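Taking it in order: structure first as structure tokens, then the write-up.
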Amino acid sequence: MSKKIQPPIAKIVPKVMEKFGDLRTDNYYWLNDRENPEVIDYLKKENAYYKKMTAHTAAFQKELFEEMKSRIKEDDESVPYLYNGYYYITRFETGKNYPIYSRKKESLSAKEEILFDCNKLAKGQSYFQLGGLSISPDNTLAVFSTDVIGRRIYTIQVKDLETGKILSDTIEKVSGNAVWANDNKTIFYSSQDEVTLRSDKIFKHKLGTSQSEDVLVYFEKDETFNVEVAKSKSRKYLAIESGSTLTTEYQILEADNPDGKFRIFQKRIRGLEYSINHYGDSFYIMTNADKATNFKLMKTLETATAKENWTEVVPHREDVLLEDIEIFKDFLVLDERSNGLNKIRIMPWSGEGEYYLPFESETYTAYTSTNVDFNTDILRYSYQSMTTPSSVIDFNMKTKTKEIKKEQQVLGGKFDKNNYVEERVWATAKDGTQVPISMVYRKGLKKDGSNPLLLYAYGSYGHSMDATFSTTRLTLLDRGFVFAIAHIRGGEDLGRKWYEDGKLLKKKNTFTDFIDCSQFVIEQKYTSAEHLYAEGGSAGGLLMGAIVNLAPELYHGIIAQVPFVDVITTMLDESIPLTTGEYDEWGNPNVKKYYNYMASYSPYDNVQQQRYPNMYVSTGLHDSQVQYWEPAKWVAKLRSLKADDTVLYLDTNMVAGHGGASGRFEAIKELAKEYSFLLDLEKIEK
Numbered sequence: 003m004s005k006k007i008q009p010p011i012a013k014i015v016p017k018v019m020e021k022f023g024d025l026r027t028d029n030y031y032w033l034n035d036r037e038n039p040e041v042i043d044y045l046k047k048e049n050a051y052y053k054k055m056t057a058h059t060a061a062f063q064k065e066l067f068e069e070m071k072s073r074i075k076e077d078d079e080s081v082p083y084l085y086n087g088y089y090y091i092t093r094f095e096t097g098k099n100y101p102i103y104s105r106k107k108e109s110l111s112a113k114e115e116i117l118f119d120c121n122k123l124a125k126g127q128s129y130f131q132l133g134g135l136s137i138s139p140d141n142t143l144a145v146f147s148t149d150v151i152g153r154r155i156y157t158i159q160v161k162d163l164e165t166g167k168i169l170s171d172t173i174e175k176v177s178g179n180a181v182w183a184n185d186n187k188t189i190f191y192s193s194q195d196e197v198t199l200r201s202d203k204i205f206k207h208k209l210g211t212s213q214s215e216d217v218l219v220y221f222e223k224d225e226t227f228n229v230e231v232a233k234s235k236s237r238k239y240l241a242i243e244s245g246s247t248l249t250t251e252y253q254i255l256e257a258d259n260p261d262g263k264f265r266i267f268q269k270r271i272r273g274l275e276y277s278i279n280h281y282g283d284s285f286y287i288m289t290n291a292d293k294a295t296n297f298k299l300m301k302t303l304e305t306a307t308a309k310e311n312w313t314e315v316v317p318h319r320e321d322v323l324l325e326d327i328e329i330f331k332d333f334l335v336l337d338e339r340s341n342g343l344n345k346i347r348i349m350p351w352s353g354e355g356e357y358y359l360p361f362e363s364e365t366y367t368a369y370t371s372t373n374v375d376f377n378t379d380i381l382r383y384s385y386q387s388m389t390t391p392s393s394v395i396d397f398n399m400k401t402k403t404k405e406i407k408k409e410q411q412v413l414g415g416k417f418d419k420n421n422y423v424e425e426r427v428w429a430t431a432k433d434g435t436q437v438p439i440s441m442v443y444r445k446g447l448k449k450d451g452s453n454p455l456l457l458y459a460y461g462s463y464g465h466s467m468d469a470t471f472s473t474t475r476l477t478l479l480d481r482g483f484v485f486a487i488a489h490i491r492g493g494e495d496l497g498r499k500w501y502e503d504g505k506l507l508k509k510k511n512t513f514t515d516f517i518d519c520s521q522f523v524i525e526q527k528y529t530s531a532e533h534l535y536a537e538g539g540s541a542g543g544l545l546m547g548a549i550v551n552l553a554p555e556l557y558h559g560i561i562a563q564v565p566f567v568d569v570i571t572t573m574l575d576e577s578i579p580l581t582t583g584e585y586d587e588w589g590n591p592n593v594k595k596y597y598n599y600m601a602s603y604s605p606y607d608n609v610q611q612q613r614y615p616n617m618y619v620s621t622g623l624h625d626s627q628v629q630y631w632e633p634a635k636w637v638a639k640l641r642s643l644k645a646d647d648t649v650l651y652l653d654t655n656m657v658a659g660h661g662g663a664s665g666r667f668e669a670i671k672e673l674a675k676e677y678s679f680l681l682d683l684e685k686i687e688k
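So the mapping is simple: the working numbering equals the position in the sequence shown, first residue as 1, plus 2.
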């Protein structure tokens, strides 16, 4: 690598910010202006620097891309499901980036009707996302939404499925979420605040009218809540859900009565979370009411929905998290999680002979899939593990027989699951807590500290990181890498308490758990500090920022995707999308104890003069969740302070948002960049 290439140095414009008598100087605050040509120029210079520094890997990146692409079945399609008289299918065609949505009437041998060919819709766009797809009850119309920037600002339109024409109804600058009432002419949709992008309003639109005539049905005043609208599986009710991190509230309305008034299901009580499923004359409610930390299942008549009427169906359990339910005519199915693993529990309404689906693997993922019909004995679920490709399975709950409808194909002829080992190990955190790690590697691994290991984690919002299969990951495994997921606190991997113990004033457990998992894989000689790599995105990017400040000596390289690293400044700026809704996750820095705690770990504020690992940092200019300037400022500050000659790259996608590139092949190109970064550091050239 040439030492002559000089990295761009961002100019210093000190901005002093004061809170509770604490003065913070932000030298790079000026980067917070997407419209400033100097900002765009700086980002382009960083991109040019990254390109020059990695020019020697350009050919290898292409090879990696082709290798990963070659394992993917390009002309793939989903398992069809039957809904309201039609089989619905999503499929891909060879060489094309985007899905095609289609359906067949009553039989799979019927003529295919193409609903949306996203390749055609995306033509001429550098980014494209289809959202909010909903078919009218009479099957003749489809409401859909599109985002062509990546900022999650959608335009809603309606397509006549009989003529193929797009109707004149156009609803702009909305969140993309939309549902039909049962009259086939009324659409309810959510829209967001133009500045903060908080989804805060529900509107009603009548076909053939303009957006200016739409009726505001509900406005969510509380800035910590978001709203969306949905329809029950029974198709009887429309529901407006207001939700914050800790509290939910539903309002319901019969879908046959779109001009009626929504009524409160159970009014919000801070800390009360619940979700509703309608069946027959009752609602089934998953809730944390009355200290049911891991959630329980309740039931109430549709005529008496307030909490005092709820009766218990499945009690709360200290060691089992209730994650979801599916209701069928003869069965209730529960998605549960215990000891960090998914369980699917089948409960006949008769009360006799309940059982769990048997799963053999040591670490795996299983969850109920698309089940749109009450009147069936067939449960559709999905199963995969780190060595087992994903399958969609139809399970007969009466006869207990299963039919594998589809197993993900790994093309190229070289993949054999028996060549890989998956295992779950437990690291001891500094407070004695046992933290699980799921890992996969090729057979014959020697535990001598020489193996490169990529440790991945997220650890926020109660989002569990399950052990899934990946065809692209084989590119690392086949070159000697161990891939591991640290199931750290802040996720819900071991129940709701696991989440509670990794947020607000306990957030640092997330970071120290990851460091303790890193030390464990080094001590057990899976790897060593010279060969250990860490990866995380978004809130997982915050994790990366924290660990490189706290324990940089443990890692040889870091991948931080769209990292949330400027915690205090972002959480103090209520104009930034997501901020106010995040107070229950991170704390409100307008309160001194939260401000001080954030200040003690915020990655950007705690960059210091020390050695840092090699780092690849990626972001998107249009990101609505973690604004591009957070990683940009962080990299600028790291450049000015780091005392080493390790590499530091900022790679900005100038046309994408939080999720990166939108096409399936474009996303693999981004992965090829990350993998070539790791392999280059390991001096693996082919």
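C-beta: ideal position from N, C-alpha, C; glycine also. Small disclaimer: the values here were computed from a predicted structure and weren't measured.
query, result
"Three-way DSSP call (helix, strand, coil) for residue 225 in this model", "coil"
"Check whether residue 220 and residue 189 have beta carbons under 8 Å apart", "no"
"Boundaries (first-last residue) of the alpha helix (DSSP H) holding residue 54", "39-55"
"DSSP three-state assignment for residue 359, whether helix, strand or coil", "coil"
"Whole-angstrom distance between residue 457 and residue 680, CA atom to CA atom", "12 Å"
"Whole-angstrom C-beta distance between residue 131 and residue 148, which should lie under 8 Å", "7 Å"
"Contiguous alpha helix (DSSP H) assignments of at least 4 residues, all confined to the stretch 595-655", "631-643"
"Residue 3, DSSP secondary structure in three states", "A caution first: residue 3 carries a pLDDT of 43, below 50, which makes its placement in the model too unreliable to give a value."
"Any chain D beta carbon closer than 8 Å to residue 468", "Here chain D cannot be found, since the structure has a single protein chain."
"Between the CA atoms of residue 499 and residue 555 - distance to the nearest angstrom", "31 Å"
"Inter-residue Cα distance where the pair is residue 389 and residue 419", "5 Å"
"Pair within 8 Å by beta-carbon distance, residue 329 and residue 285", "no"
"Exposure label - residue 644; buried when at least 16 CB within 10 Å", "buried"
"Contacting residues, own chain, Cβ-Cβ under 7 Å from residue 54 (five flanking each side not counted)", "7"
"Residue 3 versus residue 618 - alpha carbon distance", "Any reading at residue 3 needs caution, since the residue's pLDDT is 43, under 50, leaving its predicted position unreliable; the model's value is listed next. C-alpha separation (whole angstroms): 16 Å."
"Where residue 512 falls: helix, strand or coil (DSSP)", "helix"
"Secondary structure, beta strand (DSSP E): runs of 3+ residues fully inside the stretch 129-200", "131-137, 143-149, 156-162, 168-176, 180-182 and 188-194"
"Nearest to residue 339 (by Cα), restricted to the options 350, 315 and 367", "367"
"Length of the line joining the Cα atoms of residue 571 and residue 592", "11 Å"
"Assigned exposure category for residue 101 - 16 Cβ within 10 Å defines buried", "buried"
"Alpha-carbon to alpha-carbon, residue 63 and residue 42", "26 Å"
"Alpha-carbon spacing of residue 214 relative to residue 270, whole angstroms", "31 Å"
"Closest Cα partner of residue 27 within the set 15, 642 and 34", "15"
"Reference residue 30, options 11, 21 and 39, closest by Cα", "11"
"Residue 58 (DSSP reduced to helix, strand or coil)", "helix"
"Beta-carbon separation (whole angstroms), residue 586 vs residue 246, contact threshold 8 Å", "6 Å"
"Buried or exposed by the 16-neighbour rule on C-beta atoms within 10 Å, applied to residue 351", "exposed"
"Nearest-angstrom beta carbon gap, residue 443 and residue 479 [assumed within contact, 8 Å]", "6 Å"
"Contact belief for residue 133 with residue 156 at Cβ below 8 Å, rounded distance in angstroms", "6 Å"
"Residue closest to residue 666, alpha-carbon to alpha-carbon, out of 93, 61, 551 and 533", "93"
"Assigned secondary structure, residue 342 (DSSP; H/G/I helix, E/B strand, else coil)", "coil"
"Whether residue 238 touches residue 374 by CB criterion (8 Å)", "no"
"Distance between beta carbons of residue 180 and residue 191, contact taken as under 8 Å", "4 Å"
"Where residue 682 falls, given that 16 or more other Cβ within 10 Å makes a residue buried", "buried"
"Residue 600 vs residue 583 beta-carbon contact at 8 Å", "no"
"Whole-angstrom distance between residue 496 and residue 289, CA atom to CA atom", "18 Å"
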